[in-house]
Amino acid sequence: MAARLIDGKALAQTVRDRIAADTKDLQAKTGVRPGLATILVGEDPASALYVRSKQKACEAAGISIEDFKLSAATSQAELLTLVEKMNHDPNIHGILVQLPLPKQIDTKVILNAVDPLKDADGFHPYNLGKLVEGNPVFEACTPKGIIAMIDSTGVAIEGKRAVVVGRSNIVGKPVALMLLHRHATVTVCHSKTKDLPAVCREADILVVAIGKAKFVTADMVKDGAVVIDVGTNRLADGKFVGDVDFEPVSQRAGWISPVPGGVGPMTITMLLANTLESAKRTAVAKAT
Ligand code: GUN
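Here the sequence shown is numbered in the working numbering, starting from 3 and rising by one per residue.
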């Protein structure tokens, strides 16, 4: 039987409509309008497009944008000065430094410099630590979007075998922790995992984030599994495909997310959600 589609685009729109209504309400009641600073260093076209999508989604939801585009030659000290300025700007509730950064800049130093209470991307070590503790302030956007997508299927996470393929700090590790907190039994696979197909076949929930086009084939998927494809790989013909071989896998899975139109729109939506949550915390702090 063909899998049911997890339509990230439609789900994202539903959540964004709610965020827009909450944003309007917050501003009417408290005068606080959520604000996001976006910082793009350099001219990488893919990063520029990604930042533009985030800005458009924010504006559509009533979240204000402070847009910073810095030259590829920007020094680490200059970027730190801007981050520090945004940390102290009362109209800014979220700070997004688009990655990757040029090589003269140490990404870790920059991520550490963002105020953890404005870390809408959830990349600061403080927020990663809070996630380990099970008490997150900001959750990273892609993992948070993935959990919302799994929840949208109605399939319970508790007690399931979840397999995460990929161990990055921004997707694999945090999503594994979130699944663990939701009481899944979680296995994290990576390039050194022995017999990866056999491990994947045990998954009731399979999250794939390794950046290899069509890596997961139908023989690696359990009948009826929920399959979340985080990859966006550009092929020679310019088309984007995920890390999952969509057509054959959708003959076996119970649920599957497409690329494009799956995780991508949900990642952006969770950035909006995090910025709004941060603005709400500011409003509460102001009132007390
Ligand atoms: N580069 C690729 N994905 C992301 C993301 O989610 N946030 C930031 N800041 N940079 C990225």
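Note that beta-carbon positions come from the ideal geometry of N, C-alpha and C, so glycine has one too.
For this session: For my contact list, glycine 174 and valine 190 are in at a C-beta cut-off of 8 Å; report their separation, rounded to the angstrom.
Result: 6 Å
Neighbourhood of alanine 289 by C-beta, 8 Å cutoff - its chain only, sequence neighbours within 5 removed: Thr32
(request) Using the DSSP secondary-structure output, state which residues sit across from threonine 187 in a beta bridge. (result) Arg163
Report task. Mark glutamate 279 as exposed unless 16 or more other C-beta atoms lie within 10 angstroms of its C-beta, in which case mark it buried. Result -> buried
- Task: Only counting runs of 3 or more residues, tell me where the beta strand (DSSP E) segments fall wholly within the stretch 72-105, in order along the chain.
- Result: The qualifying runs are 96-99.
Self-check item: Closest residue to valine 1 among Ala238, Gly240, Val265, Asp239 (Cα-Cα distance)
Solution: What the structure shows of the chain is the stretch from 3 to 290, and residue 1 is not part of that stretch, so it cannot be assessed.
Practice prompt. Report the three-state DSSP secondary structure of threonine 290 (helix, strand or coil).
Written response: coil
Under the criterion of a Cβ to heavy atom distance below 7 Å, does leucine 133 qualify as lining ligand 1? Result no, Cβ not under 7 Å from ligand 1.
Report the CB separation of serine 2 from alanine 211 in whole angstroms; it is logged as a contact under 8 Å.
Nothing in the structure corresponds to residue 2, since the chain is present only between 3 and 290.
Query raised in the report: Does ligand 1 have a heavy atom nearer than 7 Å to the CB of valine 99?
Result: Yes, the beta carbon of valine 99 sits closer than 7 Å to at least one heavy atom of ligand 1.
message: I'd like to check one pair, valine 223 with alanine 2: are the Cβ atoms closer than 8 Å?
response: The chain is shown from 3 up to 290; residue 2 falls before or after that span and cannot be answered.
Q) So alanine 39 is in the beta strand (DSSP E); what residue range does that whole segment cover? A) 37-43
Item checked: leucine 28 - DSSP class collapsed to helix/strand/coil -> helix
(request) Quick one: residues in its chain with C-beta nearer than 8 Å to the C-beta of proline 127, no 5 flanking neighbours on either side, listed in chain order? (result) Leu113, Asn114
- Starting from isoleucine 152 and walking both ways along the alpha helix (DSSP H), at which residues does that stretch end? 143-155
Give me, in chain order, the residues of the same chain whose beta-carbon lies closer than 6 Å to that of asparagine 89; leave out the 5 immediate sequence neighbours on both sides. Asp117
* To which residues of the same chain is aspartate 108 closer than 8 Å at the C-beta, ignoring the five residues directly before and after it? -> Once the five neighbours on either side are set aside, the close Cβ partners of aspartate 108 are Gln78.
Assumed close pair glutamine 100, isoleucine 152 - CB separation to whole angstroms, cut-off 8 Å: With a Cβ gap of about 27 Å, glutamine 100 and isoleucine 152 do not count as contacting.
Euclidean distance between Cα positions of phenylalanine 70 and valine 201: 44 Å
- Task: Give a single yes or no on whether threonine 271 has its beta carbon closer than 7 Å to a heavy atom of ligand 1.
- Result: no
- prompt: Is the beta carbon of threonine 76 within less than 7 Å of some heavy atom of ligand 1?
  reply: no
**OP:** Would you list the residues sitting across from leucine 7 in a DSSP beta bridge?
**Re:** Beta bridge pairing from DSSP links leucine 7 with Ile258.
Does any heavy atom of ligand 1 sit closer than 7 Å to the C-beta of aspartate 123? Yes - ligand 1 has a heavy atom lying nearer than 7 Å to the Cβ of aspartate 123.
If the criterion is Cβ atoms closer than 8 Å, does the pair threonine 284 and histidine 95 meet it? yes
- Kindly examine ligand 1 and report whether one of its heavy atoms sits closer than 7 Å to the Cβ of cysteine 60. no
| said: So alanine 377 and proline 176 are supposed to be a Cβ contact under 8 Å. How far apart are they, rounded? | reply: Because the chain is modelled from 3 through 290, residue 377 falls outside the range shown and cannot be assessed.
- Item | First and last residue of the uninterrupted beta strand (DSSP E) at leucine 208 | 207-210
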